[in-house]
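Asker:
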Amino acid sequence: MPLAEPALAPRIASNRDPRLDPIREKVLAGERITLDEGEVLYDTRDLWTVFELADTIRRRLHGTAAYYNINRHLNYSNVCALSCKFCEFYRKRDEPGAYTRDLDYIREEARSAVEAGATEMHIVGGLHPYLEWSYYPKMLAAIREASPSLHLKAFTAVEIVHLAKIAKVFKRDDRKAGIRWVLRELIDAGLGSLPGGGAEVFDDRVHDEAFKGKIRSDVWLDVHTCAHELGLNSNATILYGHIDHRRERLIHMEILRRAQDKALAALGYEGTEAPRHDGTEEIPAVADIDAPHITLTRPDTPLPRPPSASEPPSCRSASVPPCLPHHHGYFQTIIPLPFFPDGCEIEHLPGPTGLENARTIAVARLMLDNFPHVKAFWIMQTLPMAQLMLQTGADDIDGTVVWYDITKLRHGADSPGTHQETTVTDLQRAIREAGFDPVERDTLYRRVIRNGQEWRTEG
Ligand code: V47
505 MPLAEPALAP RIASNRDPRL DPIREKVLAG ERITLDEGEV LYDTRDLWTV
555 FELADTIRRR LHGTAAYYNI NRHLNYSNVC ALSCKFCEFY RKRDEPGAYT
605 RDLDYIREEA RSAVEAGATE MHIVGGLHPY LEWSYYPKML AAIREASPSL
655 HLKAFTAVEI VHLAKIAKVF KRDDRKAGIR WVLRELIDAG LGSLPGGGAE
705 VFDDRVHDEA FKGKIRSDVW LDVHTCAHEL GLNSNATILY GHIDHRRERL
755 IHMEILRRAQ DKALAALGYE GTEAPRHDGT EEIPAVADID APHITLTRPD
805 TPLPRPPSAS EPPSCRSASV PPCLPHHHGY FQTIIPLPFF PDGCEIEHLP
855 GPTGLENART IAVARLMLDN FPHVKAFWIM QTLPMAQLML QTGADDIDGT
905 VVWYDITKLR HGADSPGTHQ ETTVTDLQRA IREAGFDPVE RDTLYRRVIR
955 NGQEWRTEG
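Terminal number for the sequence shown in my numbering: 963, no gaps in between.
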């Protein structure tokens, strides 16, 4: 008598969720799913179907490519006027451990980044209450001078608004004017794009409980919209898994995809008319956006083209004639950041589990149908989980990093603390083992052709 089949099928069958069938049809057709459908993706026990759907879309957009870069993170100061409850990074000026890097230190970091073959410097810091405005453009100019090949991805939206305030150009009744002024000055000094930090969760309740004092979602979006108008690409984050609810995360994603609709419409993409009653009318940040729904997930839809050398961002410099067509920027990547409890005021909260993190990557891939990339930032996800997430919707795992102060690994004798470096070999191995082809990219997702420290982008 043949042996009985192992009892796997009933477990899978009992998890099958018919609520996913219409969602699958929409996703495969490249149609936009609703917030309620997003809730089903978050709620269902049929997690493997959610992963499979996200993987299908991820492969439609990027095939077997999985991206990494050679980068350095630079945190120029941890002194911060804010005291966000989820943050372990900030210090008050006289507290032990407070630091502010001088320009010599920063130049040295840039030189050593170039020696290691880095293509990008990711620069963020606290809202320093005493540093003068001139420090910031000088910092970028110093790096550009020491290492002209490095792309400078610098300053979260929160810092940009802080800089407008200390430069005394921020006016409450016309905040975009001050934001534009700061961005133009920084572009002149070498700014190449904006990172996605500081978004946290776009919700007033969560804002008031966990990061009161920080800019709200409307101001965060203003900064990114101004950056796009001036020709800078940017990223977006969501910091989840603390006091937020899943519905709030979905609303955050909805707000981001509507902002991206606007950016893609300006790039000439055509979309479908936004339905008038799709349950999002009550979200203030969304109600004002009159762009059509634009998805990039239909078969054969081209991804937006990164800017070329002949399309510089719109700076103040007289050397760039105003008649040059400049690139219109867009969001490149969503980076879901799982709350990391170590050492912060709300460290008693446990932080999300591995499956919740993988599910959030998949939900982000499926909801953010007009974001080209989804990044599983290995520093916060861990490299083994980021590797797995390449199969649940992510196509990027960030880079070699080296020093990372915002979240620290403090526990245990072997803890690397703020030195969190991985090698290209390890990143490539993780990607290959997950069944993908490693592709080195620059900050704007152009493929890098490398010969040791020397590199250029394709095309
Ligand atoms: O803005 C702070 C978050 C962000 C914690 O654009 C925390 O490519 C988890 O934005 N647990 C900074 N998160 C990091 C960031 C980022 C990282 C990688 C790539 C890119 C990109 C952007 O880290 C902050 C804040 O939202 N954060 N504390 C914490 N305890």
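Even glycine gets a Cβ: it sits at the ideal position worked out from N, Cα and C.
I believe D946 touches T961 by the beta-carbon criterion, under 8 Å. Please report the beta-carbon distance rounded to the nearest angstrom.
Answerer: About 6 Å; that satisfies the 8 Å criterion.
Asker: What does DSSP give as the partner residue(s) for G903 in the beta ladder?
Answerer: BP columns for G903 point to N573.
Asker: So what does DSSP say about T560, is it helix, strand or coil?
Answerer: Of the three classes helix, strand and coil, the one that applies to T560 here is helix, per DSSP.
Asker: In three-state DSSP terms, what is V628?
Answerer: The answer is strand: DSSP assigns V628 an E or B state.
Asker: Would L667 pass as a contact of E624 if the rule is Cβ separation under 9 Å?
Answerer: Not in contact: L667 and E624 (Cβ atoms no closer than 9 Å).
Asker: Would you grab the beta carbon distance between I627 and A646 for me? Rounded to a whole angstrom, and I think it's under 8 Å.
Answerer: Between A646 and I627 the Cβ distance is about 11 Å, and since that is not below 8 Å, they are no contact.
Asker: Does DSSP put C827 in a helix, in a strand, or in coil?
Answerer: For C827, the predicted structure reports a pLDDT of 45, less than 50, and the residue's modelled location is therefore unreliable. A value from the coordinates is still provided. C827: coil per DSSP, three-state reduction.
Asker: Count the other CB atoms within 10 Å of the CB of G601; is the residue buried (16 or more) or exposed (fewer)?
Answerer: Exposed is the call here.
Asker: If I'm right that Y594 touches G630 with Cβ under 8 Å, what's the distance once you round it to whole angstroms?
Answerer: With a Cβ gap of about 5 Å, Y594 and G630 count as contacting.
Asker: Sort A671, S697, R576, L551 by Cα distance to S638 and report the nearest one.
Answerer: When only C-alpha atoms are compared, the closest one is A671.
Asker: Any chance the CB of V878 is under 8 Å from a heavy atom of the ligand V47?
Answerer: No, the beta carbon of V878 sits no closer than 8 Å to any heavy atom of the ligand V47.
Asker: Residues in its own chain within less than 7 Å of H746 by CB, not counting five upstream and five downstream?
Answerer: Cβ neighbours of H746 beyond the five flanking positions: F590, A714, F843, I850, L853.
Asker: Please classify E613 as buried or exposed, where buried requires at least 16 other C-beta atoms within 10 Å of its C-beta.
Answerer: Buried.
Asker: What is the residue span of the beta strand (DSSP E) that Y744 lies within?
Answerer: Start and end: 737-744.
Asker: Among the residues of its own chain, which have a CB less than 8 Å from the CB of R950, if the five just before and after it don't count?
Answerer: The answer, listed in chain order, is P810, T961, E962, G963.
Asker: Which two residues bound the contiguous beta strand (DSSP E) that contains D748?
Answerer: Premise fails: D748 is in no beta strand (DSSP E) and is neither H nor E.
Asker: Given a cut-off of 9 Å, decide if R802 and G558 are closer than it, judged by their beta-carbon atoms.
Answerer: The amino acid occupying residue 558 in the given sequence is Ala; Gly does not appear at that position. Not closer than 9 Å, so no.
Asker: Does the separation of the CB atoms of L979 and Q764 fall below 9 Å?
Answerer: In the structure as shown, the chain begins at 505 and stops at 963. Residue 979 is therefore absent and cannot be evaluated.
Asker: Between the region 749-763 and the region 785-802, do at least 3 Cβ pairs fall closer than 8 Å?
Answerer: Short answer: they touch.
Asker: Can you tell me whether D708 is helix, strand or coil according to DSSP?
Answerer: Here D708 sits in helix by DSSP.
Asker: Does DSSP put T947 in a helix, a strand or coil?
Answerer: Here T947 sits in coil by DSSP.
Asker: Below 9 Å between beta carbons: does that hold for H831 and G735?
Answerer: A contact, by the Cβ cut-off of 9 Å.
Asker: What's the C-alpha gap between L754 and A650?
Answerer: The alpha-carbon atoms of L754 and A650 are separated by roughly 42 Å.
Asker: If I measure Cβ to Cβ from R751 and keep anything under 7 Å in the same chain, skipping five residues before and after, which residues do I get?
Answerer: Taken in chain order, the residues that qualify are E543.
Asker: Between the C-alpha atoms of I561 and L524, what's the straight-line distance to the nearest angstrom?
Answerer: For I561 and L524, the distance between alpha carbons rounds to 15 Å.
Asker: Would you identify the three-state DSSP class for S697, choosing helix, strand or coil?
Answerer: Note: S697 maps to strand in three-state DSSP.
Asker: Which first and last residues belong to the alpha helix (DSSP H) in which W724 is found?
Answerer: Segment 721-733, the alpha helix (DSSP H) holding W724.
Asker: Under DSSP, the beta strand (DSSP E) around I838 begins and ends at which residues?
Answerer: Residues 835-842.
Asker: Should K669 go down as buried or exposed, given a rule of 16 or more other Cβ atoms within 10 Å for buried?
Answerer: Exposed.
Asker: For E774, count neighbouring Cβ atoms within 10 angstroms of its own Cβ and tell me buried if that reaches 16, exposed if not.
Answerer: Per the 10 Å Cβ criterion, exposed.
Asker: Would you call the region 705-721 in contact with the region 673-683, where contact means no fewer than 3 C-beta pairs closer than 8 Å?
Answerer: At 8 Å Cβ cutoff, the stretches do not touch.
Asker: Check each candidate in E535, P526, A517 and name the one with the smallest Cα separation from P779.
Answerer: Nearest C-alpha to P779: E535.
Asker: Does DSSP put P526 in a helix, a strand or coil?
Answerer: If DSSP states are grouped into helix, strand and coil, P526 belongs with the helices.
Asker: Let me know the beta strand (DSSP E) ranges lying completely inside the region 624-685, each 3 residues or longer, listed in chain order.
Answerer: Runs found: 624-628, 655-658.
Asker: What number of angstroms, rounded off, separates the C-alpha of L887 from the C-alpha of V554?
Answerer: Taking the straight line joining both Cα atoms gives about 22 Å.
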